[in-house]
Amino acid sequence: MILDFLSAAYPWVKSMHVVSVIAWMAGLFYLPRLFVYHVEQVGAGSETDTLFQTMEMKLLRLIMNPAMISTWIFGLLLVFTPGIIDWTAIWPYAKFAAVGGMTWFHHWLGLRRKDFIAGVNTRSGRDYRIMNELPTLFMLVIVFAVIARPF
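Counting from 1, position 112 in the sequence shown corresponds to residue 339 in our numbering; the numbering is continuous, with no gaps.
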């Protein structure tokens, strides 16, 4: 019965998965950029420091966390929908590894936010710029694995 429901709901679940991914990716791109500006242009303990911490907290808690959770939920619903995934192919495992990398990066950003709160950030704007490229790499793996299925 649940499998019939998943099959019938497939277009809606897939749509919600894509919307969730878009919101999550927006945050994964924007939060490290906020960290760049925070570390390069804001003095610790200033009013602007408090403003940046508020923006970073709201982005992470109100947008990124719910988007990550809904991405995982709708993605797992797709996984359990009959006939959607060919488990003999490599692409679902490549996608899963990249999503795992994005999830790790999400949590890494959460830890860096705590560094700003504690006033112990040791990373430079350059470090955050470099790390800001990771979501793009994960996104490329996911998109090509799912759509082009080269492996």
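C-beta atoms are modelled at their ideal positions from N, C-alpha and C, and glycine is treated no differently.
Since the structure is predicted, the reported quantities are computational estimates derived from the model, not experimental observations.
- Note on E360: under 16 other CB atoms within 10 angstroms of its CB, so exposed under the neighbour-count rule.
- Of the other Cβ atoms in all chains shown, fewer than 16 fall within 10 Å of the Cβ of P238; this residue is therefore exposed.
- If you look at E267, you'll find it in the alpha helix (DSSP H) that goes 229–268.
- Contact between L255 and F323 does not hold, since the beta-carbon distance rounds to 17 Å and is not under 8 Å.
- Boundaries of the alpha helix (DSSP H) harbouring R339: 318–345, taken from the DSSP string.
- With a threshold of 16 other beta carbon atoms within 10 Å, Y320 falls short and is exposed.
- According to the DSSP assignment, S297 belongs to the alpha helix (DSSP H) that extends over 292–307.
- Here S247 is buried. Its C-beta has 16 or more other C-beta atoms within 10 Å.
- In this structure, the beta-carbon distance from A250 to P293 falls below 9 Å.
- The three-state reading of DSSP puts D354 in helix, counting H, G and I together.
- Comparing alpha carbon positions, the residue from L261, K241, T277 closest to R353 is L261.
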